[in-house]
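Participant:
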Amino acid sequence: MDSTTNSIRQIAVGFLGMGNIGAGVWRLIGEMQDEIASREGVEFAVKKVLVRDLLKRRGAAVPKELLTTNADDVLNDPGIALVVEALGGEQPAAEYIRRALIAGKSVVTANKLALATHWKELLETAHETGSCLYFEPGVCGAIPVIRTVTDSLQANRIERLYGIINGTTNYILSQMSAKDASYADALFDAQQLGLAEPDPTADVEGGDAACKLSILSTLAFRAHVPLEGLFRRGITTITPIDVSYGRELGYAIKLLAVAKRDGNKVQARVHPTFVPLSHPLASVNGSLNAVYLYGHACGELMLYGRGAGDAPTASAVVSDMLAAARTDCSNASAAYRMTGAVEMDTDWESRYFIRLQAVDQPGVLGAIAGILGRHGVSIASMRQTTGEGRAPLLFVTHMAREKDVRAALGEIDESLATIENVIYVEEGL
Ligand code: HSE
27 MDSTTNSIRQ
37 IAVGFLGMGN
47 IGAGVWRLIG
57 EMQDEIASRE
67 GVEFAVKKVL
77 VRDLLKRRGA
87 AVPKELLTTN
97 ADDVLNDPGI
107 ALVVEALGGE
117 QPAAEYIRRA
127 LIAGKSVVTA
137 NKLALATHWK
147 ELLETAHETG
157 SCLYFEPGVC
167 GAIPVIRTVT
177 DSLQANRIER
187 LYGIINGTTN
197 YILSQMSAKD
207 ASYADALFDA
217 QQLGLAEPDP
227 TADVEGGDAA
237 CKLSILSTLA
247 FRAHVPLEGL
257 FRRGITTITP
267 IDVSYGRELG
277 YAIKLLAVAK
287 RDGNKVQARV
297 HPTFVPLSHP
307 LASVNGSLNA
317 VYLYGHACGE
327 LMLYGRGAGD
337 APTASAVVSD
347 MLAAARTDCS
357 NASAAYRMTG
367 AVEMDTDWES
377 RYFIRLQAVD
387 QPGVLGAIAG
397 ILGRHGVSIA
407 SMRQTTGEGR
417 APLLFVTHMA
427 REKDVRAALG
437 EIDESLATIE
447 NVIYVEEGL
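Just so we're on the same page, the numbering used here is the position in the sequence shown counted from 1, plus 26.
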């Protein structure tokens, strides 16, 4: 509920969660309040803050009378017009977002997991209730990629997008490339810097990037690309040997999110990928994020910046809070309207880097090449060095179908070679 004082509109806000992101938002609102009031004519007045532990030290000086451990104090308070959800995790966050929307509140969330997992339900609730649902901070932090796709590229058919949309894995792979570090050492380094969680699974196995890709490609293609339809593979099996072979071949290694639409078929995948060193995405290093896309009218477009961290994420949260304050919410969900259903395509074409340890005996190379050939997998380049008993062997293929490559690799048994790693090569970016 708004009240107007000297032409400054006061927006009553409830926070769900006051961890790092919530505290970042609290601090940014405090720091920018005079400028926001004079430029936007809006003042955010926080009425309640849901926390798990009333006594915990936090990164923001929240008066203790605002704190509550009861979500109903935020969700059932008719005076609260805007809810900032910063709890993280799928539940109870998704249910709280749904309840807030049903109660007619605007919601800003940084929670890609809750959103990607409950996309249809939450978007339909926003649409039916005429409540605003904003989630820019959930996809690449400070980078305004959601608004770019929904509010700036509406006149485009977007058919391809590529993203480095997880900063933790980009930092780890950048360290492995720059310092020939092992995966374990680079992960440890990321954890020491607070970039990687003590349990890094969601980042390093590609789950975080998959949630972001599901949301981003859904909006770009205007058709739901469900999280469960995404292929994902993490970075835990990448070794310094792969990274250095890739570099010799002219590639940088990235955990790349790829989404392509061809008619009503969509492929969406997150996996370690060799990207040509000459491509702008190859220069996105450290914990930075970038999204590179093609629209039929705008051509290629790349957004680059900070995808995580308290202040960058708060930048996007406060921007969404202002958007909610400005908007006639009854039509806000129109930006997310879908145009039709699509089918997930799991038999995409790619080039492949295949690294093996082959038995060093006559005929082995010919036998492996023969298996690939019989499955229609054509070799673009090949390299063999000598090892002890086994010969390190690597192939880069021409464009080949995923199912053919899998079938061929399934036929290469221990009598010929052990398969050390298979990495996608994305040339046609
Ligand atoms: N953990 C994420 C990353 C940030 O490393 O990019 C939040 O999605």
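Glycine included, each C-beta is placed from N, C-alpha and C at the ideal position. Please read all numbers here as calculations on a predicted model, not as lab measurements.
Measuring CB atoms only, is the segment 151 to 170 touching the segment 297 to 310, in the sense that at least three cross pairs come out at less than 8 Å?
Facilitator: Cβ pair count under 8 Å is below three, so no.
Participant: Is Ser240 helix, strand or coil when you go by DSSP?
Facilitator: Within the sequence shown, numbered from 1, the residue matching residue 240 stands at position 214. The answer is helix: DSSP assigns Ser240 an H, G or I state.
Participant: Can you find a heavy atom of the ligand HSE that lies under 7 Å from the Cβ of Asp215?
Facilitator: As a position in the sequence shown, residue 215 is number 189, starting the count at 1. No, the ligand HSE has no heavy atom inside 7 Å of this Cβ.
Participant: Identify whether Lys131 lies in helix, strand or coil by the three-state DSSP scheme.
Facilitator: Here residue 131 refers to the residue found at position 105 when the sequence shown is read from its first residue. Here Lys131 sits in coil by DSSP.
Participant: Apply the 10 Å Cβ neighbour rule to Gly233 and answer buried if 16 or more other Cβ atoms are within range, or exposed otherwise.
Facilitator: For the purposes of this step, residue 233 is taken as residue 207 along the sequence shown, with counting starting at 1. When all chains shown are included, Gly233 counts as buried.
Participant: Taking Lys146 as the reference, which of Val448, Leu253, Ile380 and Ser313 has the closest Cα?
Facilitator: The residue labelled residue 146 in the question sits at position 120 within the sequence shown. Here the closest residue by C-alpha is Leu253.
Participant: Does the distance between the C-beta of Thr194 and the nearest non-hydrogen atom of the ligand HSE fall short of 7 Å?
Facilitator: As a working mapping, residue 194 is identified with position 168 in the sequence shown. Indeed, a heavy atom of the ligand HSE lies less than 7 Å from the Cβ.
Participant: Do the segment 401 to 408 and the segment 416 to 436 make contact, defined as three or more Cβ pairs closer than 8 Å?
Facilitator: Touching, yes, given that three or more Cβ pairs across the two stretches are closer than 8 Å.
Participant: Any contact of the segment 311 to 321 with the segment 123 to 140, i.e. 3+ C-beta pairs under 8 Å?
Facilitator: They do not touch, by the three-pair rule.
Participant: Answer yes or no: the CB of Asp229 versus the heavy atoms of the ligand HSE, is any distance below 7 Å?
Facilitator: Translated into the one-based positions of the sequence shown, residue 229 becomes position 203. Asp229 Cβ: within cutoff of the ligand HSE.
Participant: Measuring from the CB of Asp177, is there a heavy atom of the ligand HSE at a distance below 7 Å?
Facilitator: In the sequence shown, residue 177 corresponds to position 151, counting from 1. No, since every heavy atom of the ligand HSE falls outside the 7 Å radius drawn around the Cβ of Asp177.
Participant: Ignore the nearest five residues each way along the sequence and tell me which others in Ala112's own chain have a CB closer than 6 Å to its CB.
Facilitator: Working through the sequence shown from its first residue, we reach residue 112 at position 86. The answer, listed in chain order, is Gly43, Ile47, Gly48 and Ala136.
Participant: What does the alpha-carbon distance come out to for the pair Met27 and Met425?
Facilitator: By 1-based counting over the sequence shown, the position of residue 27 is 1. By 1-based counting over the sequence shown, the position of residue 425 is 399. Reliability of the predicted coordinates at Met27 is poor, the pLDDT of 44 falling under 50, and the value obtained from them is presented with this limitation in mind. Between Met27 and Met425, the C-alpha separation is close to 57 Å.
Participant: Provide the residue(s) that pair with Pro298 in DSSP beta bridges, ordered along the chain.
Facilitator: Counting from one through the sequence shown, the residue named residue 298 turns up at place 272. Paired residues: Leu281.
Participant: Under the assumption that Cys355 contacts Gly156 (Cβ atoms under 8 Å), give the Cβ distance between them as a whole number of angstroms.
Facilitator: Numbered from 1 along the sequence shown, position 329 holds the residue referred to as residue 355. Numbered from 1 along the sequence shown, position 130 holds the residue referred to as residue 156. 6 Å between Cβ atoms; contact.
Participant: On the DSSP bridge list, what partners appear for Asp288?
Facilitator: Counting from one through the sequence shown, the residue named residue 288 turns up at place 262. Beta-bridge pairing links Asp288 to Lys291.
Participant: Tell me the rounded alpha-carbon separation between Ala285 and Val317.
Facilitator: Working through the sequence shown from its first residue, we reach residue 285 at position 259. Working through the sequence shown from its first residue, we reach residue 317 at position 291. So the two alpha carbons sit approximately 11 Å from each other.
Participant: Need the endpoints of the alpha helix (DSSP H) that Ala351 sits in, please.
Facilitator: Counting from one through the sequence shown, the residue named residue 351 turns up at place 325. Its alpha helix (DSSP H) spans residues Asp336 to Arg352.
Participant: Would you mind giving the Cβ-Cβ distance between Leu327 and Gly321, rounded to the nearest angstrom? I have them listed as a contact below 8 Å.
Facilitator: Position 301 of the sequence shown, counted from the first residue, corresponds to residue 327. Position 295 of the sequence shown, counted from the first residue, corresponds to residue 321. The Cβ separation is near 7 Å, so the contact holds.
Participant: Please report the distance separating the alpha-carbon of Ala216 from that of Gly392.
Facilitator: Taking the sequence shown and counting its residues from 1, one reaches residue 216 at position 190. Taking the sequence shown and counting its residues from 1, one reaches residue 392 at position 366. Between Ala216 and Gly392, the C-alpha separation is close to 43 Å.
Participant: Are the CB atoms of Glu69 and Ala63 within a distance shorter than 8 Å?
Facilitator: Start at 1 with the first residue of the sequence shown, and residue 63 comes out as number 37. Start at 1 with the first residue of the sequence shown, and residue 69 comes out as number 43. A contact, by the Cβ cut-off of 8 Å.
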